[in-house]
Amino acid sequence: GESVGLHLPTLSVQEGDNSIINCAYSNSASDYFIWYKQESGKGPQFIIDIRSNMDKRQGQRVTVLLNKTVKHLSLQIAATQPGDSAVYFCAEDGGSNYKLTFGKGTLLTVNP
Amino acid sequence: DGGITQSPKYLFRKEGQNVTLSCEQNLNHDAMYWYRQDPGQGLRLIYYSQIVNDFQKGDIAEGYSVSREKKESFPLTVTSAQKNPTAFYLCASSRRSGGGGKGEQFFGPGTRLTVL
Chain Y
19 GESVGLHLPT LSVQEGDNSI INCAYSNSAS DYFIWYKQES GKGPQFIIDI
69 RSNMDKRQGQ RVTVLLNKTV KHLSLQIAAT QPGDSAVYFC AEDGGSNYKL
119 TFGKGTLLTV NP
Chain L
127 DGGITQSPKY LFRKEGQNVT LSCEQNLNHD AMYWYRQDPG QGLRLIYYSQ
177 IVNDFQKGDI AEGYSVSREK KESFPLTVTS AQKNPTAFYL CASSRRSGGG
227 GKGEQFFGPG TRLTVL
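As you go down the protein sequences, you meet chains Y and L in turn.
To convert, note that position 58 of the first sequence is 76 in the numbering used here; the numbers rise steadily by one, no gaps.
To convert, note that position 73 of the second sequence is 199 in the numbering used here; the numbers rise steadily by one, no gaps.
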């Protein structure tokens with residue numbers, strides 16, 4: 019979900035568990051979506067992307083699922099590791115060729 | 127190594143002063159962007175440029191200015207008109223999209239600006 023004010027949604031998991039981070043997007047015209055990972059004090063790093071003509075895309079330990087009917091995007095991380103601890107953002111292009119709109123992010127904490 | 131660099135990493139400014147943040151990329155990307163990030167918040171677009179000598183306002187352009195004289199450089203000036211400039215500033219670049227092409231934005235390491 020999305021945060022209000024200064025409080026990010028948080029997800030706490032045990033090392034080795036699978037993590038699922040959710041994102042609701044707003045623009046039905048969006049046809050390109052990205053997940054980014056941001057560690058504290060650093061710039062966001064690209065994780066995986068998906069176009070609207072796909073429902074699922076897999077990368078290394080990560081899977082993105084897209085449900086256009088309910089405008090929902092999720093990021094699944096398999097066998098979560100302490101190094102996965104970060105804030106995860108989804109972004110949508112809103113039909114634009116250039117601009118991305120970012121969600122407020124979800125803080126993932128992995129407990130050893 | 128290809129990438130985006132931002133300098134300085136930390137910047138302190140007195141109230142009433144203008145300050146310029148540097149962003150350079152050697153990825154040969156046409157498009158460049160400036161975002162502002164506040165604690166616990168997502169990224170908000172300040173300005174973006176699709177091509178040299180052209181730029182557009184984003185969602186929160188008031189109190190900021192940019193220039194795009196070279197493809198690899200997109201400096202951001204935070205002016206004294208910006209009422210609450212303390213934030214983390216991120217620069218990004220992407221390939222120019224067209225004909226249905228899409229590409230992710232690559233981010234620099236950020237500059238943390240603090241107004242004293």
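Virtual Cβ for every residue (Gly too), placed ideally from N, Cα, C.
Computed from a predicted structure; not experimentally measured.
- Counting only Cβ-Cβ distances below 8 Å, E141 (chain L) has no contacts in chain Y at all, with the closest Cβ about 23 Å away.
- For P27 (chain Y), no CB of chain L lies under 8 Å from its own CB, so it is not counted at the interface with that chain.
- DSSP places D180 (chain L) inside the beta strand (DSSP E), whose first and last residues are D180 to K183.
- Against E150 (chain L), chain Y offers no close residue; the least beta-carbon distance is about 14 Å (beta-carbon pairs closer than 7 Å).
- Listed by position along chain L, the residues whose Cβ is nearer than 7 Å to that of Y116 (chain Y) are A157, Y174, Q176 and S223.
- D102 (chain Y) carries a helical assignment under DSSP once its states are collapsed to helix, strand and coil.
- Within the segment 61–86 of chain Y, G61, P62, Q63, F64, D67 and R69 place their CB atoms closer than 9 Å to a CB of chain L, listed in sequence order.
- Taking C-alpha positions only, L26 (chain Y) is separated from I66 (chain Y) by approximately 21 Å.
- Around T240 (chain L), the same chain offers F138 and T212 as residues with beta carbons nearer than 6 Å, after the five sequence neighbours per side are excluded.
- Judged by DSSP in its simplified three-state form, R75 (chain Y) adopts strand.
- L153 (chain L) and G129 (chain L) have their alpha carbons spaced roughly 6 Å apart.
- Spatial neighbours of Y190 (chain L) in its own chain (CB-CB distance under 8 Å, excluding positions within 5 residues in sequence) are listed in chain order as W160, I172, Y173, L202, T203, V204, T205 and Q208.
- From the beta-carbon of K122 (chain Y), the residues of chain L found nearer than 8 Å are G166, Q167 and G168.
- For S219 (chain L), the enclosing beta strand (DSSP E) covers residues A213 to S220.
- Three or more beta-carbon pairs separated by less than 8 Å are not found between the segment 68–88 of chain Y and the segment 141–157 of chain L, which leaves the two stretches without contact.
- Relative to D185 (chain L), the option among L:F200, L:L169, L:I177 and L:K196 whose CA is nearest is L:L169.
- Sorting Y:L91, Y:S46 and Y:T28 by C-alpha distance to the C-alpha of R75 (chain Y) places Y:L91 at the top.
- Taking C-alpha positions only, K197 (chain L) is separated from R221 (chain L) by approximately 12 Å.
- Judged by DSSP in its simplified three-state form, Q231 (chain L) adopts coil rather than helix or strand.
- The Cβ atoms of L126 (chain Y) and I39 (chain Y) lie closer than 8 Å to each other.
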